[in-house]
Structure formats: structure tokens, C-alpha cells
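These notes concern the structure reproduced below.
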Amino acid sequence: MKSTFPKISYLQWKQSAQTTLKGADFDKALIAETYEGIRIKPIYTEAAMMTDNQYPGDYPYLRGTSQSGCNKEPRAVCTKAEFNSAFNVSARKVLSDSDAALIITFPDGFSEDDFAKLNERDFQKAFEGICLAKNRISFEPSIFADLIFDKFTKYCREMNKSENNVDNTIEDNTIEDNAIEDNAIEDNAIALNIEFDCFGYLLINGGMPYGLDIYYNRIADVINAANEGPCIKTIAINSIVFNSAGANAVQELAFAIATGVDIVRELLKRNIDINRIANTVRFHFSVSTNFFMEIAKFRAARLLWAKIIKEFGGDSDSQKISIHAETTTINKTDSDPHTNLLRGTCEAMAAVLGGAGSIYVHRYTNTAAKAEFAERIARNTLRVIRDESHISDTIDPPGGSYYIESLTADLANRAWKMFQEIEERGGMIKAMSDGIPQSRIEEVAAKRQENFRNGSDVLIGVNKYLNLKNSEGKLPDSSDDNHHNIIINNNSNNHQTALKPLIPMILEDLFNKGN
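Quick note on numbering that gives the first Met the number 0: the sequence shown kicks off at 0 and runs consecutively.
Structure below.
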């Protein structure tokens, strides 16, 4: 058969393709360049494969951190609920679904004093009728995570003293597994995340109330207090702040990894074991509609972080990255909100295929009358992907794709090079103080804005196929012009500095303002 159907070489194909182009330049017609500087070829071959004979669960975890993939450990379907007077009703409704995971947010302007005033009674009212051992609970990352941890663990210990509330058990500041109605809950079935996000706060606000050393000490205290609780995540590496400002995928990866390395080094100085540190870290990534690039981004993140932790001496379990993904806010529109449903689906699919452990899909609209419906659609987007697309029938669907393997290799190599540049500048906090990440992201954001204005980048319903009808309601504007110009005191470097903040962008706002 091989002699009957001889193998066609790439050169032969290219010659045929050039004939069909009728004189047009091959590179200009069929090769596209991304914001990452990667030249996307029209076809990819076996030469693009990064590794041979690598299986899911094998270092460097390119194909996933578990041999059984998500078939054994389903992804969390996340919903956010604000901690207010109506929280208990909202939380109970969300957690009535067995696969739901709850992310607890706090109202805008919730200050350190507000966190400090929280008490056991507040949590008792909030979690009445909710079994913590049966549900996955996360608090949105904050620089006040230690205050939340202290108040929440006190509440759990108080509930443990009550015979009627044995489900909410915490002993010696450690989340324990519990027996519920003769059904033992395994350690890994309990998920509680109370995470610090210092670098994200710095980049959004330009500073922090206290010096970084104080926050590193607080992180160390929480890690020590949490002891060996297997499912407590206490450190958030926030890459969402980079994405929201317009960063490309290489920048997201490089700056996230550099942030993680800075934190690891500081906690090692405080005598925290590398394995303990790595097991408390969770990366937060945004995911856009650039489908294949996003899949490759998550794969590259696993590879890079495994390499980092291995170099620090972490064991095989510690080398496995934990990833939470959220659909991006840059491309969402309130002038044609139903297109957000399609974007959210595309982005959620990329996060699933990329191997994110938990995923939050933003609501397609914030109209008050449709808020509950929008939340349900967001959750069901993930459920349709999981239960109807049959993606979970195989552990690593994109594995072996020449295109995705090539993108992964390019992203990983370019991100590693950029990470090394950050290291040469003294680490992420020093680079941030010098404005390096901010200026590089601004360059990419400016290109995005120009391409959006001239129509090279398409946002359906906004700059192409416009919806001339009135919008349903304004989506949340993630941009914030009221940035705090707080001075930070980085004691380890013995200097004071105010960081240049990152400004989130929303493409539709640029169009509406006529920029």
C-alpha cells in the first residue's frame, strides 16, 4: 500500500499550496503571527512533538498531573457568592448540586477592619445548614487571608463542640476528614481554600498597607497553623491580573512563575518545607477564546512549575501544579450579551482540555432580573461539556496534536526565557518595582487596542456584526481609576517604592468611547 500511496513531503505540499495561491506570497497568506511572537504555520507534522512515550501523571506532567485524569477527580463547577445578609440562601442553593464549588467573595470596599470584625456568629449565620465536609469552599484570594483563616477556624472549632453540627469539624487548626452518615469522607474530598494574594493586590493598587515581609510572615503563620491539612490552599498565584491588563500568554506564564519563585524563596527563609509550600499553592489563570493557545498555556504551566519545584528539591507530588481557571473579562460585552454565552463556552472548553482543576465561567449578563438564570447557564456550560461532549472518556484529548504540542513547546521556551530575564533583574518584586512587567504588558495591550480599532481583531457584536439594539444591562467594569498610591516597604531589600499599577482593559469600552 505504501508503494501505491507514497508519503507526500512538506515541501511537496507547500509547492502545491503555492500553486493554489496564484502568485500570492505564501508567508503573508498562510502564516500568522501571534501576540506572543509565535508564527503559526498552516500545517504541523510529527516533528512538532515535544516528547515521546509520555503518559498522563508522568513528570513533567505535560499531559496532566494524574494517571486517571479528570475521570477520577471531576473538575469543580464554581459559582461565586458575596458574603452578605443573603449569603446563606445563595450558598445553600448553589451547594445543593453535588458537583458545585463555592467561591466566597466580599463586597467592594471591605477593609481590614471589616475582616477583623468578623466573628464566629457571622460564619454561623452564613453556613447554617451547610455541611463543610461535603462541599468545596474557597474564599476569594485576599491580602487579609490570615484574618479570614483565624475567624473561620475559630467558628469551625466552636461548631465542633456542638453535637448538632459535627459535620463542621476542625481540630488543632487542621481540616480533618469526617464521617457523614456512615460514609467516610476521604481527605481529598474536603476542599478549603483561604489564599493570600499579595502580588495581585500590589499590581492592581500600586501598593499595600504593610511591607511585604509582614505578609510573608502572615503566610508562613497560616501554613504552620494549617499543619498537614491536605486540601488547604493558602497561596494564590494570580495571573488573572496580567491577563486582564492585556498580557500575552508568554507574559502570563513567565510572570506567574516568577511570582511563585519569589514567594517560595521567602517562605524557605522562614523554615517552611518546600513540599509544604508547593502543596499550598494554587495558580489562578484567565482563559480567552484563543482556543489552542489557551490549551497550550495550561500544559506549559504544568511543565514549567514542575521544573521549578524539582529544582527546589520538591518531591513528585509537590511538582504537580494546582490550577483554577476563570473566563476572561476583556472580551465580554453588554451591547450584545448573548455572544458572551458563546465566548464563555469556548473558553470553558479550552480550560477543560487544558486540564484546569476548577473553573469559573462568568455570567453572560449582570442584569438583575436575569442574574439567577445567568448563573445557572454559567454552571451548566461546564456540565454540558463534561456530561454531553464525552471529553472525559479520554484522559488527555489534545495530547499528541502536532499543533498543540508545537504551541506548548514555543510557549514554555519563551516563558522560561522571560522568567530568566526576571531572575537576572533580581526577581519579580524587583522587576515590578522597576516597572518591567507593567511596561511589557502595556506594549501588548496597545497592540490589542490598535488591532481591535482597525478590525484586525474581531469582537462579534461590537466591532463586527454590530447589535444595534439596546443592551440588556451593564457588565461589571473591571477597570478601576481609583488606584491607591500606597507606599510599600520591602524590608528584605531595605527600600520603599510605589509600584506602577496594571490597568484592566475591556475592549468594548474602547469602542464605545471612540478611542
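Glycine is no exception: its CB is placed at the ideal position from the N, C-alpha and C atoms.
Residue i versus residue j: straight-line alpha-carbon distance, rounded
{"i": "residue 441", "j": "residue 123", "result": "45 Å"}
{"i": "residue 60", "j": "residue 319", "result": "7 Å"}
{"i": "residue 168", "j": "residue 231", "result": "Summary for residue 168: the model assigns pLDDT 40, below 50, so the residue's position carries little reliability; its value from the coordinates is reported in the next sentence. So the two alpha carbons sit approximately 14 Å from each other."}
{"i": "residue 286", "j": "residue 349", "result": "7 Å"}
{"i": "residue 196", "j": "residue 104", "result": "14 Å"}
{"i": "residue 382", "j": "residue 99", "result": "10 Å"}
{"i": "residue 455", "j": "residue 31", "result": "12 Å"}
{"i": "residue 4", "j": "residue 387", "result": "38 Å"}
{"i": "residue 326", "j": "residue 86", "result": "23 Å"}
{"i": "residue 317", "j": "residue 132", "result": "24 Å"}
{"i": "residue 345", "j": "residue 294", "result": "11 Å"}
{"i": "residue 96", "j": "residue 377", "result": "14 Å"}
{"i": "residue 41", "j": "residue 435", "result": "34 Å"}
{"i": "residue 236", "j": "residue 139", "result": "12 Å"}
{"i": "residue 29", "j": "residue 21", "result": "13 Å"}
{"i": "residue 452", "j": "residue 406", "result": "27 Å"}
{"i": "residue 12", "j": "residue 25", "result": "12 Å"}
{"i": "residue 119", "j": "residue 145", "result": "15 Å"}
{"i": "residue 371", "j": "residue 243", "result": "25 Å"}
{"i": "residue 481", "j": "residue 202", "result": "Residue placement at residue 481 is poorly supported in this model, since its pLDDT is 36, which falls under 50; the coordinates are not used for a value here."}
{"i": "residue 191", "j": "residue 361", "result": "21 Å"}
{"i": "residue 446", "j": "residue 417", "result": "19 Å"}
{"i": "residue 6", "j": "residue 45", "result": "13 Å"}
{"i": "residue 398", "j": "residue 251", "result": "22 Å"}
{"i": "residue 288", "j": "residue 504", "result": "16 Å"}
{"i": "residue 269", "j": "residue 262", "result": "11 Å"}
CB contact below 8 Å: residue i versus chain D
{"i": "residue 116", "result": "The structure shown contains no chain D; it holds only a single protein chain."}
Reduced DSSP category for residue i - H, G, I as helix; E, B as strand; rest coil
{"i": "residue 334", "result": "coil"}
{"i": "residue 87", "result": "helix"}
{"i": "residue 130", "result": "coil"}
{"i": "residue 61", "result": "coil"}
{"i": "residue 266", "result": "helix"}
{"i": "residue 81", "result": "strand"}
{"i": "residue 192", "result": "strand"}
{"i": "residue 35", "result": "coil"}
{"i": "residue 328", "result": "coil"}
{"i": "residue 18", "result": "helix"}
{"i": "residue 138", "result": "strand"}
{"i": "residue 285", "result": "strand"}
{"i": "residue 200", "result": "helix"}
{"i": "residue 510", "result": "helix"}
{"i": "residue 101", "result": "strand"}
{"i": "residue 476", "result": "At residue 476 the pLDDT is 46, less than 50, meaning the model places this residue with poor confidence and gives no usable figure here."}
{"i": "residue 3", "result": "coil"}
{"i": "residue 23", "result": "coil"}
{"i": "residue 319", "result": "coil"}
{"i": "residue 358", "result": "strand"}
{"i": "residue 383", "result": "helix"}
Member of the options whose CA lies at the smallest distance from the CA of residue i
{"i": "residue 101", "options": "111, 114, 75", "result": "75"}
{"i": "residue 509", "options": "498, 327, 11, 462", "result": "462"}
{"i": "residue 426", "options": "91, 25, 84, 259", "result": "259"}
{"i": "residue 373", "options": "126, 263, 341", "result": "341"}
{"i": "residue 200", "options": "239, 451, 136", "result": "239"}
{"i": "residue 47", "options": "135, 385, 328, 401", "result": "401"}
{"i": "residue 507", "options": "220, 437, 457, 499", "result": "457"}
{"i": "residue 502", "options": "16, 335, 443", "result": "443"}
{"i": "residue 499", "options": "114, 433, 144", "result": "433"}
{"i": "residue 422", "options": "153, 192, 264, 17", "result": "264"}
Beta-carbon proximity list for residue i, same chain, < 7 Å, skipping 5 on both sides
{"i": "residue 396", "result": "352, 390"}
{"i": "residue 53", "result": "61, 62"}
{"i": "residue 10", "result": "none"}
{"i": "residue 209", "result": "none"}
{"i": "residue 248", "result": "35, 292, 296, 410"}
{"i": "residue 128", "result": "91"}
{"i": "residue 77", "result": "100, 102, 357, 358, 359"}
{"i": "residue 334", "result": "460, 461, 466, 470, 507"}
{"i": "residue 114", "result": "143, 146, 147"}
Neighbourhood of residue i by C-beta, 8 Å cutoff - its chain only, sequence neighbours within 5 removed
{"i": "residue 214", "result": "142, 195, 197, 207"}
{"i": "residue 279", "result": "222, 225, 231, 232, 233, 234"}
{"i": "residue 379", "result": "none"}
{"i": "residue 58", "result": "305, 309, 315, 318"}
Chain-order list of residues whose beta-carbon lies under 6 Å from that of residue i (same chain, five-residue window excluded)
{"i": "residue 324", "result": "284, 286, 350, 355, 358"}
{"i": "residue 424", "result": "430"}
{"i": "residue 273", "result": "311, 312, 313"}
{"i": "residue 394", "result": "55, 68"}
{"i": "residue 438", "result": "none"}
Contact test: residue i Cβ vs the ligand MN heavy atom, cutoff 7 Å
{"i": "residue 425", "result": "In terms of ligand content, the structure shown is empty, and the ligand MN therefore cannot be addressed."}
For the segment 244 to 257 and the segment 300 to 312, state whether three or more C-beta atom pairs, one from each stretch, are separated by less than 8 Å. In short, these stretches touch, since the Cβ pair count reaches three.
Quick check: the segment 396 to 413 against the segment 281 to 300, are there 3 or more CB pairs under 8 Å? Segments in contact, yes.
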